[in-house]
Every structure is written in structure tokens, then in C-alpha cells.
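What follows is a single structure, written as C-alpha cells, with notes after it.
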Amino acid sequence: MSTFVLVHGSWHTGASWTAVIARLESKGHTAFAPTLAGHGKGVDKAISHAQCVQSLVDFIVGKNLTGFVLVGHSFAGTVIAKAAEIFPERIRRLVFWNAFVPLDGNCLDDETPPHYRELFKNLVKASSDNTALIPFPIWREAFINDGDLELACSTYEQLSPEPYRMFTDKLDLKRFYSLEIPKSYINCTEDNALPQGEWGWHPRMSSRLGLYRLVQMPGSHETLFTNPIGLADKIIEAGRD
Amino acid sequence: MSTFVLVHGSWHTGASWTAVIARLESKGHTAFAPTLAGHGKGVDKAISHAQCVQSLVDFIVGKNLTGFVLVGHSFAGTVIAKAAEIFPERIRRLVFWNAFVPLDGNCLDDETPPHYRELFKNLVKASSDNTALIPFPIWREAFINDGDLELACSTYEQLSPEPYRMFTDKLDLKRFYSLEIPKSYINCTEDNALPQGEWGWHPRMSSRLGLYRLVQMPGSHETLFTNPIGLADKIIEAGRD
Amino acid sequence: MSTFVLVHGSWHTGASWTAVIARLESKGHTAFAPTLAGHGKGVDKAISHAQCVQSLVDFIVGKNLTGFVLVGHSFAGTVIAKAAEIFPERIRRLVFWNAFVPLDGNCLDDETPPHYRELFKNLVKASSDNTALIPFPIWREAFINDGDLELACSTYEQLSPEPYRMFTDKLDLKRFYSLEIPKSYINCTEDNALPQGEWGWHPRMSSRLGLYRLVQMPGSHETLFTNPIGLADKIIEAGRD
Numbered sequence: 027m028s029t030f031v032l033v034h035g036s037w038h039t040g041a042s043w044t045a046v047i048a049r050l051e052s053k054g055h056t057a058f059a060p061t062l063a064g065h066g067k068g069v070d071k072a073i074s075h076a077q078c079v080q081s082l083v084d085f086i087v088g089k090n091l092t093g094f095v096l097v098g099h100s101f102a103g104t105v106i107a108k109a110a111e112i113f114p115e116r117i118r119r120l121v122f123w124n125a126f127v128p129l130d131g132n133c134l135d136d137e138t139p140p141h142y143r144e145l146f147k148n149l150v151k152a153s154s155d156n157t158a159l160i161p162f163p164i165w166r167e168a169f170i171n172d173g174d175l176e177l178a179c180s181t182y183e184q185l186s187p188e189p190y191r192m193f194t195d196k197l198d199l200k201r202f203y204s205l206e207i208p209k210s211y212i213n214c215t216e217d218n219a220l221p222q223g224e225w226g227w228h229p230r231m232s233s234r235l236g237l238y239r240l241v242q243m244p245g246s247h248e249t250l251f252t253n254p255i256g257l258a259d260k261i262i263e264a265g266r267d
Numbered sequence: 027m028s029t030f031v032l033v034h035g036s037w038h039t040g041a042s043w044t045a046v047i048a049r050l051e052s053k054g055h056t057a058f059a060p061t062l063a064g065h066g067k068g069v070d071k072a073i074s075h076a077q078c079v080q081s082l083v084d085f086i087v088g089k090n091l092t093g094f095v096l097v098g099h100s101f102a103g104t105v106i107a108k109a110a111e112i113f114p115e116r117i118r119r120l121v122f123w124n125a126f127v128p129l130d131g132n133c134l135d136d137e138t139p140p141h142y143r144e145l146f147k148n149l150v151k152a153s154s155d156n157t158a159l160i161p162f163p164i165w166r167e168a169f170i171n172d173g174d175l176e177l178a179c180s181t182y183e184q185l186s187p188e189p190y191r192m193f194t195d196k197l198d199l200k201r202f203y204s205l206e207i208p209k210s211y212i213n214c215t216e217d218n219a220l221p222q223g224e225w226g227w228h229p230r231m232s233s234r235l236g237l238y239r240l241v242q243m244p245g246s247h248e249t250l251f252t253n254p255i256g257l258a259d260k261i262i263e264a265g266r267d
Numbered sequence: 027m028s029t030f031v032l033v034h035g036s037w038h039t040g041a042s043w044t045a046v047i048a049r050l051e052s053k054g055h056t057a058f059a060p061t062l063a064g065h066g067k068g069v070d071k072a073i074s075h076a077q078c079v080q081s082l083v084d085f086i087v088g089k090n091l092t093g094f095v096l097v098g099h100s101f102a103g104t105v106i107a108k109a110a111e112i113f114p115e116r117i118r119r120l121v122f123w124n125a126f127v128p129l130d131g132n133c134l135d136d137e138t139p140p141h142y143r144e145l146f147k148n149l150v151k152a153s154s155d156n157t158a159l160i161p162f163p164i165w166r167e168a169f170i171n172d173g174d175l176e177l178a179c180s181t182y183e184q185l186s187p188e189p190y191r192m193f194t195d196k197l198d199l200k201r202f203y204s205l206e207i208p209k210s211y212i213n214c215t216e217d218n219a220l221p222q223g224e225w226g227w228h229p230r231m232s233s234r235l236g237l238y239r240l241v242q243m244p245g246s247h248e249t250l251f252t253n254p255i256g257l258a259d260k261i262i263e264a265g266r267d
């Protein structure tokens, strides 16, 4: 049986993983899903990427977790990559689930298509606290395309604005790219959050991992909501030795 | 419950959708599948692309349909795009199923690989009425690759030659590209009618829609024959709000 | 009912097909899986590509097989292409299963990504008999990614080193590219043995076949071990008329 630490993406919190954790636990595994600093409703949004990573590190050290599988979704690819630099010896395997694997020196924004960059810049300008929330039409069509409208609405209500520094802080990833931790990439085949093709998740992001285990499943960027059981089973497959 | 208008591709007629309609109706939906001008056996083939579009418009206006989902297969991507320019307010959503989404000013021929262009040009030359019928070996291997030989033969017998102007009339699509109608793209993952890769359907055609809902399913270009129930269910998923 | 001749890839032998053959036979088909010259444990490894092809030709002529479907996996794409040049009239259809389809004049090595080329060159240098065995970490992560660790280990024990000339002998394929034998390509969608993307199997290799039947299924490069029943069913689909 394995221990999983599940790290949510932009706009989400640890609570987004609830149904996934239920399945992992029903299969005898242990799972944690901390909420990263700067994420969730009513919290301080003046957070840097480094502070966000530190909040994950503090959670893991605080629980004295070792030998776990560290899973990052979407934006959290950048977070687990940085956390892996800090305590590689604690991690049994890194699992990137439709997650960013930024090139060394890049920020997340550098890895997104120009129309997204422009959109988020404008949303941040219009905000009072340097944050941006994904607009509902994009959420509905490009993120949770395999869910029905009711689920798209109820999950959207759980989201909260993302601190812009998560997208714009440049990331030194030299040590990450030298680590020999085993790595997996889960690709949901209908994930169009990064538009498939030139700017898509796979193989653009996945191939940067070097030798990695590819795991795929049908579904959108939000299968943690639309198919949490199927996703949990693929996390198990991606995380085993 | 939704109303669907299903628009067939080259060589097909409205009758090609029979089994899909049966499934849609069994789920409580309403569906229409008109045969476009210039299509079918024993009809006038001296038809322009604009006349073909007009025949669809006439059908919809004649039935006074509004608030429907307009689905176009293959060649019919060009037809629903032009129809949408004429009465955008009638359409709830456009669904492109392995369909052409031509760049403004292009004809369908401009969007197909050179070996197809050459093939159809030669077939048209050899015809007496400026038409071309897809040769059986291509139908069997690249269009209905997931069907057995018996189904490949029986469906081929239903096909009829395509007026060449469907492929060569240049299309002004400026208005289409300014419309804000919601859009979906259904991609059958074994569709090799446009050869996968550089000239493939997805993401080459789909990405031109801008923000769109991606829906995928296993199957060939002819899943309306090989898996009409599965296709109908994906049309419902693609067409819902 | 059909007759299948199944040709294994590098490091494998005919015995790798055992579970696939059982399924084919249970469906009423006949199947053969010869072991190519230079392959298997304790055999002469000083074998050229031409000798390897000749061993397949001898097997087929020896059994006086005609009208069969010739299936090649991985490296064996190069073997069935050369065998097809020798007796095209005996073959009903060629099925390439995640197999190399080299450009005329190339060797297999020319078709693999630089990091593989470098790796195998170094392994061969370190060998006493001009052979290379795929390292276990690559086998586990990139070849049999959908299997569990126990299956990855037990199947790895069956492998044996590959004569380097299989990778480096240049192949004249002019006749192959002129043959009009029907062709299919089976692509397992999680096959990452050739890393997906720029250097991937499909559509890079498959598209070289010209008109071909595309068949896909979930699974890794080693579905003959991880899902032999599913693979056999797809071989039947790929091999039928």
C-alpha cells in the first residue's frame, strides 16, 4: 500500500481531491491533499511561488511523511518539481497529472499560449489583489468539457482567484532536472485546458521528464470531479513501482 | 431535450443518419437529417456550394426550427459554417464531427492533402458530370476501417458521386469567424480519412474554432455506420449546454 | 478463418506470442510465431539483418504457407517489409504493430531518437558479442508501462541481447514501397517505447505505408504480455479483408 500526497492546481484547494481520496483509501492506500498557501477563499493572496512551495514542504515535514508518491495537477507540476529539489530523498515517485513541467528558468506563464497570457494579464489588472479567476465559459468548455452543466456550475463555485505570482515567478529548476526520482505522467486524452497540439500537455510537457512512465485515460482536465474513481485508479497505476 | 439537425458529408445523404436518429429519439431528443442539394442518386449534380447551403437553410426555415444543435460531418463543416452566417440566432450550438473548418477564403480542396486533390481532380476529369466518387479501397481502409468487409460493401453501395464544386468553391467565412455561437468538435480517434498527423482533423481543424468543447470517442470516419449508438451519445454530450 | 504469422521484435522470441496465439486459435484462426535467427538465449548472435529475414522466409517456405497475414512487431517491421519483397504473392496483408517502417536506405538506428542510438552504441561496446540488451529501467517505464512490477520482471527475464546489425544494416526497401499488398498499422495508444511526439510510432511510421488501415487500442509496447487477448482481437480486426 502506498502513501499519496495530492497537490491541487490553480483555483482549486485540497478539498477538490475528496472523491479521489475516498477511492484511494477504499483500495487501502493513504492520501493527503493539503491546500497550498495563497489558495482557497478568504486567504491572503499576496503569496510568492516560493512561499507556496514552502507551504507544501511544511505540510510534508510536519506530518513527517517519507516514501510517498507526490502527485501534482496542472499548475502544481511547478510546485512538486520545486519541492522535489528540497527533499528528493523523501519521494518515491513524482506523478505529473496534466501538469506543467517548465523549462529551467521559465515561469508558468512562459509555457501557456499567448491568448491565455493576455487574458490573465487583463484579469489581474482588473482585480484589486493581483489575482485572476478562470472565466466560466473557458471552465465549462475547455476544462470540464466531459461534465454536465450542473457539475460545471457547482464545481466552479468552489474555485477561488489565483495569485498572479504563481504564473509569473521565474523558476530555477536546474536541480530538478538532475534528480533521478522515478517519474510518471498521466494524460487525460480529452484535456483541452492547454489546447491540444502545439501548446498541449502531452507530449510537450511529458517529454521533458526524460525517462518517464506514460499513463493515459479518457477525460478532461477536471476528471477529479467528472471521474474521480477512474482517476484514482490511474494514480495508483502511475504511482506503483 | 434537444433538437438536432444532422448534416451529412460528401457522398452520403440524410439516410446515412438513420441509426443515429433512432438512438437520439430513444433518448427523447428530436432529430432531422435533410439531404443536401446535389447529393444522393439520380439528382441534379450541377450544384454550387452556395446552392447546397441554401438547401439546408430552406429545410430549416421551412420547418421553422430554432434553438437547435447543428451538427456537420466531414464536408458538412463547410455547410454548417455558412448556414450559421445566415441565421446565427436560430442555432444553440454548432457541432463539428470530424468536419472541415476551412480558413476564410479557402475551399475544401485547399484543406486536403495533395494526393487527395490530385485523385479527385482525375476522377472528375473521367466523369461525365463533374463529380467524383471515393474509390472503394480508400473507403474500406481509410474511411470505414473499423467496420467489417460486409458493412464496408453495403454502405459503399449507398454512396453517390459528389459535385466537384463542393470541393472547389472558395468560401468567404469572415462572418463565421466572428460568430459567438458555442462550438463543439467530436473527434473519432481512429478517423484516418484525413490522414492523422500534418493533415489530420484534430487539432488542425478543431483548433480553428477558438474556444470549443472537445469530445472524443473510438472509431473511424464512418461511426454513423459502425457505432451509431456510441456516436449518438457523443452528439448528445457535445450538444448539451 | 485466417492464418497469421507473428514476427517478434528485438530481445523477444516466438514464445513471446504464446498468449496471443491461444486467443487467435480459440477464435478459430491458425497462427505461427517463429523465432528469428540471432534471437533467443544461447544462439549465435553473429547474424546480419539479411540472415534474419532469410530465417523467416525459410520458415514460411518450409511450412509452405500462402495467403497468410504477416504481422511484425517493433523491429520486425523491417523484417516483414524485406520478406514481403521476396514473396509478395504469398501474403494476404501486412500488419505493422507499433513497428518500424524505415525509409528506403535507412537502418533501424536511423529511425530512433539520438539518445537511444547513443545508449545502444555504448551497450554494444561494453558487450563481448556485438549485442545490446534494453536496460531494465527503460523496459519497465517506457516499454511495459501498463504492467505491474512483477510482470515487468518476469518478462524481462525472457529477453536476450539483440545483435547490433539488426539496428545498423542499411535496408534497400525500394521494392517494398512499390508493393500493392494491403497494409494495416496497429498503434497502442500508451506505447512510449519510441517516445510519443517527434520520434513516435504513429503517425510518423504508419503514414509511410501510404493507404493503410489504422487500428488502435489502449496499451503499451508490450501488450502481447499485458493484454494478449485484446491484442489478438485487434490483430484479427487489422488482418481481415
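Residue numbers (my numbering), protein chains in the order written: chain C, 27 to 267; chain A, 27 to 267; chain B, 27 to 267.
Glycine included, each C-beta is placed from N, C-alpha and C at the ideal position.
Just to confirm before moving on: does the CB-CB distance between S81/A and L62/A stay below 7 Å?
As a working note, residue 81/A is residue 55 in the second sequence. As a working note, residue 62/A is residue 36 in the second sequence. In this structure, L62/A lies closer than 7 Å to S81/A by Cβ.
Would you call the stretch 154-165 of chain A in contact with the stretch 120-132 of chain A, where contact means no fewer than 3 C-beta pairs closer than 8 Å?
no
Any C-beta of chain A under 7 Å from that of P161/B
Translated into positions along the third sequence, residue 161/B becomes position 135. For P161/B, the answer is no, since every Cβ of chain A falls outside 7 Å of its Cβ.
Residues that Y211/B bridges to, as DSSP identifies them:
Here residue 211/B corresponds to residue number 185 of the third sequence, with the count starting at 1. Per DSSP, F122/B, L240/B.
Member of K200/A, D136/A, I73/A, W43/A whose CA lies at the smallest distance from the CA of W225/A
To locate residue 225/A, count along the second sequence from 1; it is residue 199. Among K200/A, D136/A, I73/A, W43/A, the Cα nearest to that of W225/A belongs to D136/A.
CB contact check: E216/C to chain A, cutoff 7 Å:
Position 190 of the first sequence, counted from the start, is the residue given in the question as residue 216/C. Chain A contact via Cβ: present.
What would DSSP say about A57/A, mapped onto helix, strand or coil?
Reading the second sequence from its first residue, position 31 is the one you call residue 57/A. A57/A falls in the strand class under three-state DSSP.
Assumed close pair N171/B, L240/C - CB separation to whole angstroms, cut-off 8 Å:
Your numbering for residue 171/B matches position 145 in the third sequence. Your numbering for residue 240/C matches position 214 in the first sequence. Indeed, because the Cβ distance is near 6 Å, the residues count as touching under 8 Å.
Answer with yes or no whether the minimum CB distance from D155/B to chain A is below 7 Å.
The residue labelled residue 155/B in the question sits at position 129 within the third sequence. It does not; no Cβ of chain A falls within 7 Å.
How is P128/C classed by DSSP in three states: helix, strand or coil?
One-based indexing of the first sequence puts residue 128/C at position 102. The answer is coil: DSSP assigns P128/C none of H, G, I, E or B.
Closest to S246/C by C-alpha separation, out of A219/C, M231/C, L235/C, G88/C, would be which residue?
As a first step, residue 246/C is located in the first sequence; it is residue number 220 there, counting from the start. Out of A219/C, M231/C, L235/C, G88/C, A219/C has the C-alpha closest to the C-alpha of S246/C.
For I164/A, return the contacting residues in chain B, with the cut-off set at a CB-CB distance below 9 Å.
Translated into positions along the second sequence, residue 164/A becomes position 138. Ordered by position in chain B, the residues that pass the 9 Å Cβ test against I164/A are L237.
Assess contact between the stretch 242-262 of chain C and the stretch 191-203 of chain C, defined as three or more Cβ pairs (one per stretch) separated by less than 8 Å. Is contact present?
Result no; under three Cβ-Cβ pairs closer than 8 Å.
In angstroms, rounded to a whole number, what distance separates the CA positions of T249/A and G88/A?
Locating residue 249/A in the second sequence gives position 223, counting from the first residue. Locating residue 88/A in the second sequence gives position 62, counting from the first residue. Looking at the two C-alpha atoms, the distance is approximately 29 Å.
Within a Cβ cutoff of 6 Å, which residues of the same chain sit near G93/B, ignoring the five residues on either side of it in sequence?
Position 67 of the third sequence, counting from 1, holds the residue named residue 93/B. Answer for G93/B: R118, listed in chain order.
G40/B in three-state terms, based on DSSP
Stepping through the third sequence from its first residue, residue 40/B is reached at position 14. Assignment of G40/B by DSSP, reduced to helix, strand and coil, places it in the helix class.
Identify whether T138/C lies in helix, strand or coil by the three-state DSSP scheme.
Mapped onto the first sequence, residue 138/C falls at position 112. Of the three classes helix, strand and coil, the one that applies to T138/C here is coil, per DSSP.
Are the CB atoms of R234/C and V127/C within a distance shorter than 7 Å?
As a first step, residue 127/C must be located in the first sequence, where it is residue number 101. As a first step, residue 234/C must be located in the first sequence, where it is residue number 208. Going by C-beta atoms, V127/C is nearer than 7 Å to R234/C.
Option nearest L159/A by Cα separation, candidates A57/A, R166/A, W227/A, S186/A
Position 133 of the second sequence, counted from the first residue, corresponds to residue 159/A. Among A57/A, R166/A, W227/A, S186/A, the Cα nearest to that of L159/A belongs to S186/A.
So P114/B contacts chain A; which residues on that side make the cut at Cβ distance below 7 Å?
Within the third sequence, numbered from 1, the residue matching residue 114/B stands at position 88. Ordered by position in chain A, no residue passes the 7 Å Cβ test against P114/B, which lies about 17 Å from the chain.
For the beta strand (DSSP E) containing L96/A, name the first residue and the last one.
Here residue 96/A refers to the residue found at position 70 when the second sequence is read from its first residue. From DSSP, the beta strand (DSSP E) with L96/A extends over 94-99.
Between the C-alpha atoms of N90/C and A110/C, what's the straight-line distance to the nearest angstrom?
Taking the first residue of the first sequence as 1, we reach residue 90/C at position 64. Taking the first residue of the first sequence as 1, we reach residue 110/C at position 84. If you take the alpha carbons of N90/C and A110/C, they lie about 15 Å apart.
Should the stretch 177-195 of chain B be regarded as contacting the stretch 204-215 of chain B, the criterion being three or more beta carbon pairs within less than 8 Å?
no
In the DSSP output, which residue or residues are listed as bridge partners for F193/C?
Walking along the first sequence from the start, residue 193/C turns up at place 167. According to DSSP, F193/C bridges with nothing at all.
Between S233/B and chain A, is there a C-beta pair that is closer than 7 Å?
As a first step, residue 233/B must be located in the third sequence, where it is residue number 207. True, the Cβ-Cβ gap to chain A drops below 7 Å.
Let me see if you follow: with CB-CB separation under 7 Å, is Q242/A close to chain C or not?
Taking the first residue of the second sequence as position 1, residue 242/A is located at position 216. It does; some Cβ of chain C falls within 7 Å.
Taking only beta-carbon positions, decide if E176/B is within less than 7 Å of chain C.
For the purposes of this step, residue 176/B is taken as the residue at position 150 of the third sequence. Answer no: the Cβ-Cβ gap between E176/B and chain C never drops below 7 Å.
If the cut-off is 7 Å on Cβ atoms, which residues from the stretch 166-195 of chain A count as contacting chain B, listed in chain order?
Taking 7 Å as the Cβ-Cβ cut-off against chain B, the residues of the stretch 166-195 of chain A that qualify are E167, A168, N171, D174, L175.
Could you confirm whether any beta carbon from chain B is found closer than 7 Å to the beta carbon of G245/A?
For this step, residue 245/A is matched to residue 219 along the second sequence. No - not a single Cβ of chain B is within 7 Å of the one on G245/A.
On a Cα-Cα basis, can you pick out the residue from F169/A, G236/A, H228/A that is closest to S204/A?
As a position in the second sequence, residue 204/A is number 178, starting the count at 1. Looking at the Cα atoms, G236/A is the closest of the given residues.
Cutoff 7 Å; reference W43/B; Cβ partners in own chain excluding five residues on either side:
Reading the third sequence from its first residue, position 17 is the one you call residue 43/B. Around W43/B: L32, H34, A59, L250.
Check each candidate in P114/B, A72/B, H75/B and name the one with the smallest Cα separation from I86/B.
Position 60 of the third sequence holds residue 86/B. When only C-alpha atoms are compared, the closest one is P114/B.
Could you please give me the residues that DSSP links to F169/C through a beta bridge?
Within the first sequence, the letter at position 143 stands for residue 169/C. Paired residue(s): none; F169/C is not in a bridge.
Cross-chain neighbours of R266/A in chain C, by beta carbon under 9 Å:
For the purposes of this step, residue 266/A is taken as the residue at position 240 of the second sequence. Simply D174, L175.
So what's L32/B in DSSP terms, helix, strand or just coil?
Residue 32/B sits at position 6 when you count from the first residue of the third sequence. DSSP places L32/B in strand when its eight states are reduced to three.
Just confirm the distance between the C-beta atoms of C78/C and G64/C, as a whole number of angstroms; I'd bet it's less than 8 Å.
Taking the first residue of the first sequence as 1, we reach residue 78/C at position 52. Taking the first residue of the first sequence as 1, we reach residue 64/C at position 38. Between C78/C and G64/C a beta carbon distance of about 6 Å is seen, short of the 8 Å cut, so the two are scored as contacting.
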